[in-house]
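Here the sequence shown is numbered in the UniProt record's numbering, starting from 1 and rising by one per residue.
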Amino acid sequence: MSTHEAYIREAVALAESNVAAGGSPYGAVIVRDGAVLVRAANTVHATNDPSAHAEMVALREASQILGRRDLSDCVMYASGRPCPMCHAAMRLAGFKQGYFAFSAEEAEQYGAGSATIYAELCQPLDAQPMRLSQIRPAGEAPYAAWRARREA
């Protein structure tokens with residue numbers, strides 16, 4: 001068995017344990033320098049936090065442990081394909097690679113996937129089921145001040 005497969009099996013085992021505990025079928029393992037840094041399961045059922053997906057819980061814990069938001073030296077292993085939120089968070093954290101066991105389409109067959117959300121996000125804003133519209137206020141956006149502070 002490859003090292004990657006061992007970490008995937010661990011993520012799946014976390015998902016299975018989480019189902020037994022009343023949660024969703026998702027687990028995640030973050031590895032750094034060849035060792036497990038974090039193991040996490042989806043905690044939405046326990047916290048009522050809709051963003052408490054296994055990958056998000058793992059990202060938050062890894063950032064706290066390392067004292068930084070750059071996780072580019074880490075690898076994510078997830079029981080299922082990360083949803084768009086988790087995928088984006090992994091990108092924002094600098095992940096260069098990640099692995100998942102089961103596809104979003106497989107999960108959708110059981111009412112657990114995010115394949116529909118992925119498809120919706122590819123549509124123009126006005127065709128998506130959640131209406132998101134821009135209201136631009138007068139004045140400058142805060143981006144120039146942010147960049148200036150970062151470059152100072």
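Quick reminder that beta carbons are idealized off the backbone N, C-alpha and C, glycines included.
Could you tell me whether the Cβ atoms of residue i and residue j are closer together than 7 Å?
| i | j | result |
| --- | --- | --- |
| residue 54 | residue 28 | yes |
| residue 26 | residue 48 | no |
| residue 32 | residue 86 | no |
| residue 82 | residue 118 | no |
| residue 40 | residue 57 | yes |
| residue 127 | residue 115 | no |
Residue i lies in the alpha helix (DSSP H); which residues open and close that run?
| i | result |
| --- | --- |
| residue 68 | From DSSP, residue 68 is part of no alpha helix (DSSP H); its letter is neither H nor E. |
Could you check whether the Cβ of residue i sits closer than 7 Å to any Cβ belonging to chain D?
| i | result |
| --- | --- |
| residue 125 | Included in the structure is just one protein chain, with no chain D present. |
Can you name the start and end residues of the beta strand (DSSP E) that residue i belongs to?
| i | result |
| --- | --- |
| residue 41 | 35-41 |
| residue 30 | 27-32 |
Three-state secondary structure (DSSP) at residue i?
| i | result |
| --- | --- |
| residue 91 | helix |
From the options, pick the residue whose C-alpha is nearest to that of residue i; which is it?
| i | options | result |
| --- | --- | --- |
| residue 17 | 116, 79, 84 | 79 |
| residue 94 | 134, 72, 22, 122 | 72 |
| residue 5 | 38, 50, 101 | 101 |
| residue 30 | 121, 9, 110 | 9 |
| residue 21 | 38, 44, 125, 1 | 44 |
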